[in-house]
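S.K.:
In full-length UniProt numbering, the protein residues as written are 1 to 391.
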């Protein structure tokens, strides 16, 4: 949410702050009455009336009688964001697939497209061209224009200009992704690491909603993480943060492409899960998930099959909890298929072995319920961050 305006701020700055706070509330949480807005935002009713009237006049919100009414008397009107008042482009670039979506104010999905990556289709120039072409077709079909864009990439990204320094699993190095897309679309384009973007989505619309301090950890080909600290995404110097998969947990372990040995992702990433499940490396994702689901019905097999995996997952999470002190850890992507008994055991081990977890009264560990669209949703929210100040 926006910060409280400082003492001595000019009236126009205060109005702009209040307007943005109201829009953000409607965008993230959804429709509500003027009275509820006044209470939640700590503003008087005359201020809320002026803000809502102004936004309604410009077509950004509308007021409507709720469908379900209770009691006698005049019903309180609901204030609703208008999706077409601001539309952003969300892009989720993965190792095997790219997805795009047009998302309206309030988080409404207006249209989407996706395609698989094979051979040259995974090269930066090919992906960028396809994103541009697909977006133009989608905007023409829906008759809308985008006012911003957010892009999720599984790599190390410079926040200022969306420069992808390195995305090893895509085999990308030094790709000016943000500049290329900004030049094509003529609107602000924000690019970030995929796990950071997923953490933002979980914080605003998922399991971490309402949590001021949370960590999102996901397993795909690699392992990544995003951190919410005091209600804000932790971004690090120039945006370079979140490479939790490269915490060294086993110095005698396998070599990692980063130059170290025994990085966390070599012990708990997708390839490690394939080895633990006695599957060929690079087995189709569906087969890995099916094997994990099958294990869930047999607790004895969970310990026998995933004992070492559980050990390394626990060790990495204890380190993360000790460093960041989150109240919540959200497991995403492939980790969502882990047997519930394993997740329960990991949470218990963290509570027992983490000094910080004991100090804060325990750290909850949950699996994401946002599904495969979590990074697409997060990319949309990344795009909306500056847009809500301008709508």
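Backbone N, C-alpha and C define an ideal beta-carbon position, used for all residues, glycine too.
Would you kindly work out how many angstroms separate the C-alpha atoms of residue 66 and residue 266, rounded to a whole number?
M.R.: 52 Å
S.K.: Hey, how far is the Cα of residue 2 from the Cα of residue 154?
M.R.: Residue placement at residue 2 cannot be trusted, given a pLDDT of 41 that sits under 50; the coordinates are not used to answer.
S.K.: Determine, using beta carbons only, whether residue 52 and residue 85 come nearer to each other than 7 Å.
M.R.: no
S.K.: Quick one: what does DSSP say residue 252 is sitting in, helix, strand or coil?
M.R.: Three-state DSSP puts residue 252 in coil, outside helix and strand.
S.K.: Suppose contacts are defined by Cβ-Cβ distances below 7 Å. Is residue 236 in contact with residue 382 by that definition?
M.R.: Not closer than 7 Å, so no.
S.K.: Could you please give the first and the last residue of the uninterrupted beta strand (DSSP E) stretch that includes residue 228?
M.R.: Where residue 228 is concerned, the enclosing beta strand (DSSP E) stretches over 223-229.
S.K.: Just mark residue 270 as buried or exposed, buried being the case when its beta carbon has 16 or more other beta carbons within 10 Å.
M.R.: buried
S.K.: When DSSP builds the beta bridges, which residues end up paired with residue 192?
M.R.: Paired residue(s): 152.
S.K.: Who are the near neighbours of residue 302 in its chain, counting only those whose CB is closer than 7 Å to its CB and skipping five residues on each side?
M.R.: 295, 339, 341, 342.
S.K.: Pick out whichever of 245, 201, 30 has its Cα sitting closest to the Cα of residue 92.
M.R.: 201
S.K.: Answer yes or no: do residue 78 and residue 31 have a C-beta to C-beta separation smaller than 7 Å?
M.R.: yes
S.K.: For residue 183 and residue 198, what's the separation of their Cα atoms in angstroms?
M.R.: 26 Å
S.K.: Between the alpha carbons of residue 283 and residue 26, how many angstroms are there, rounded?
M.R.: 43 Å
S.K.: For residue 63, which residues from the same chain have a beta carbon less than 6 Å from its beta carbon, with the 5 sequence-adjacent residues on both sides left out?
M.R.: 77, 79
S.K.: Near residue 42, what residues of its chain come up, given a Cβ to Cβ distance below 6 Å and the 5 sequence neighbours on each side ignored?
M.R.: none
S.K.: At which residue ranges does the region 62-106 contain complete beta strand (DSSP E) runs of 3 or more residues, listed in the order of the chain?
M.R.: 78-81, 87-93, 97-104
S.K.: Out of 12, 49, 331, which one is the CA nearest neighbour of residue 218?
M.R.: With distances taken between Cα atoms, residue 218 lies closest to 331.
S.K.: Could you check which residue in 372, 321, 385 has the C-alpha nearest to that of residue 333?
M.R.: 372
S.K.: Strictly by DSSP, which residues pair up with residue 166?
M.R.: 156, 173
S.K.: Specify the secondary structure class of residue 209 as computed by DSSP and reduced to three states.
M.R.: coil
S.K.: Mapping the DSSP letters down to three states, classify residue 322 as helix, strand or coil.
M.R.: helix
S.K.: Taking all protein chains shown into account, do 16 or more other C-beta atoms lie within 10 angstroms of the C-beta of residue 242, making it buried, or fewer, making it exposed?
M.R.: buried
S.K.: Quick check: the Cα distance between residue 251 and residue 156, rounded to an integer number of angstroms?
M.R.: 23 Å
S.K.: Checking the sheet assignment: what are the DSSP bridge partners for residue 33?
M.R.: 78
S.K.: Rounded to whole angstroms, what is the Cα-Cα separation between residue 353 and residue 35?
M.R.: 47 Å
S.K.: Quick check on residue 2: does DSSP put it in helix, strand or coil?
M.R.: For residue 2, the predicted structure reports a pLDDT of 41, less than 50, and the residue's modelled location is therefore unreliable. The matter cannot be settled from this model.
S.K.: Can you tell me whether residue 386 is buried or exposed? The criterion is at least 16 other CB atoms within 10 Å of its CB, across all chains shown.
M.R.: exposed
S.K.: Check for me: the alpha helix (DSSP H) holding residue 332 runs from which residue to which?
M.R.: That residue, residue 332, is in no alpha helix (DSSP H); its beta strand (DSSP E) goes 328-333.
S.K.: Please work out which residues of its chain come closer than 8 Å, Cβ to Cβ, to residue 97, disregarding the five sequence neighbours upstream and downstream, and give them in chain order.
M.R.: 114, 115, 116, 117
S.K.: When the Cα atoms are used, what is the spatial distance from residue 109 to residue 317?
M.R.: 34 Å
S.K.: Using a Cβ-Cβ cut-off of 6 Å (strictly less than) and excluding sequence neighbours within five positions of residue 177, which residues of its own chain qualify?
M.R.: 162, 164, 191
S.K.: Using a threshold of 7 Å, state whether the C-beta atoms of residue 206 and residue 169 are closer than that.
M.R.: no
S.K.: Would you kindly report the start and end of the unbroken alpha helix (DSSP H) that includes residue 54?
M.R.: Unbroken alpha helix (DSSP H) run through residue 54: 45-57.
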